[in-house]
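Undergrad: Supplied in structure tokens, the structure appears directly below.
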Amino acid sequence: MKLMAAVVLLLGVLVSPARAADTIEAHYAAAGPWEVATADVAADVAAGYRIHYPADLGEGGVEHPIVTWGNGTDAVPTQYPGVLDQLASWGFVVIATTDTTTGTGAEMIDAAEYLVARNGDSSSVFHGKLDVGRVGAVGHSQGAGGSVNTATKSGGLISSVVPIALPAPIWVDPDDAFHVDQLDCPVLFLSGTQDGIISPHSAIRAYYQAVPGPAAKAMLKGAGHNTIQGDGGGFLGYLTAWLMYTLQGDTYARGAFAGSTPEIGTNASWNNAAQKNLP
-14 MKLMAAVVLL
-4 LGVLVSPARA
6 ADTIEAHYAA
16 AGPWEVATAD
26 VAADVAAGYR
36 IHYPADLGEG
46 GVEHPIVTWG
56 NGTDAVPTQY
66 PGVLDQLASW
76 GFVVIATTDT
86 TTGTGAEMID
96 AAEYLVARNG
106 DSSSVFHGKL
116 DVGRVGAVGH
126 SQGAGGSVNT
136 ATKSGGLISS
146 VVPIALPAPI
156 WVDPDDAFHV
166 DQLDCPVLFL
176 SGTQDGIISP
186 HSAIRAYYQA
196 VPGPAAKAML
206 KGAGHNTIQG
216 DGGGFLGYLT
226 AWLMYTLQGD
236 TYARGAFAGS
246 TPEIGTNASW
256 NNAAQKNLP
């Protein structure tokens, strides 16, 4: 019995490292090491901001990358607790405008610039704690288009983009028109196989093909247009991994998208994955 117990204990030790038994997706789908705090900011305009951030800002000398979030049409940040908390738990400071129309990107740019300014404000909790050279833009539906506009209209502020359920051109208001062929930072297009009307693969493929630089795409099997709302569904793992790779230089996360055999391309829960020009 003692021998059997010793063997069981040894086997447990051999498989216990965090990355030994999981996939990259599973690793980043779990909550990260940071406790999460939230703050609401009233702005001098119609909409304000909701910020999800690591509670122990700057612990160990860390400077946190910024993510500016864009809501879908008529949606507000409280409808996306899963994704906003998830990213904050992995060390990002996430600012979400409370505006329900984010397609132009103007609201998302204002939000990002608000945090950049707080980094230089000695009276702010964010003072000196942010990596203002690493800013991501992420959005859902109308906000997905807003994330593209944020990247192309902010003068180089944005280092990474993730449009989630980006609408096909037929659904895009002329005032919200975006141009993926103007992107000059890495972009990951995410959508779902049950989103065939608003964000079909034909549209996502065309957007991906039009990007001149680094890009990736994938569709989550069974996901619909609003799966990212609530707990975030199955999008959290690769969304987090992408931002860890492109904004925090995480080489483990990189393996999900780049290299000889990117994990996302072999994951049975996803299809239509592709990547190009990734560093």
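For the sequence shown, the positions run -14 to 264 when my numbering is used. For every residue, glycine included, the Cβ atom is placed at its ideal position computed from N, Cα and C. Predicted model, so just to flag it, every value in this text is computed and none were measured.
With a Cβ-Cβ cutoff of 8 angstroms, do Ala287 and Ala188 count as a contact?
TA: This structure does not reach residue 287, given that the chain is present from -14 up to 264, and the question cannot be answered.
Undergrad: With C-beta atoms as the reference, is Val52 less than 8 angstroms away from Leu228?
TA: The answer is yes: Cβ separation under 8 angstroms.
Undergrad: Any idea what DSSP makes of Trp54, helix, strand or coil?
TA: If DSSP states are grouped into helix, strand and coil, Trp54 belongs with the strands.
Undergrad: When we look at the beta-carbon of His164 and count the other beta-carbons within 10 Å, is it buried (16 or more) or exposed?
TA: Per the 10 Å Cβ criterion, exposed.
Undergrad: For Pro148, write down the residues that DSSP places opposite it in a beta bridge.
TA: Its beta-bridge partners are Gly124.
Undergrad: CA-CA distance, Glu44 and Asp216?
TA: Cα to Cα, the separation comes out at about 27 angstroms.
Undergrad: Cutting at 6 angstroms between CB atoms, please list the residues of its own chain near Asp166, excluding the five before and the five after it.
TA: These residues qualify, in order along the chain: Ala195.
Undergrad: Using C-beta distances below 6 angstroms, list every residue in its chain close to Lys261, excluding the 5 sequence neighbours before and after it, in chain order.
TA: Ala200, listed in sequence order.
Undergrad: Kindly indicate which residue of Leu224, Pro39 and Asp25 has the alpha-carbon position closest to the one of Val146.
TA: Comparing Cα positions, the closest option is Leu224.
Undergrad: Do Gly222 and Met204 have their beta-carbon atoms positioned less than 8 angstroms apart in this structure?
TA: Contact flag unset, no.
Undergrad: Pull up the DSSP beta-bridge partners for Pro39, would you.
TA: Pro39 is bridged to Val21.
Undergrad: Just how far apart, CA to CA, sit Val21 and Asp70?
TA: The alpha-carbon atoms of Val21 and Asp70 are separated by roughly 7 angstroms.
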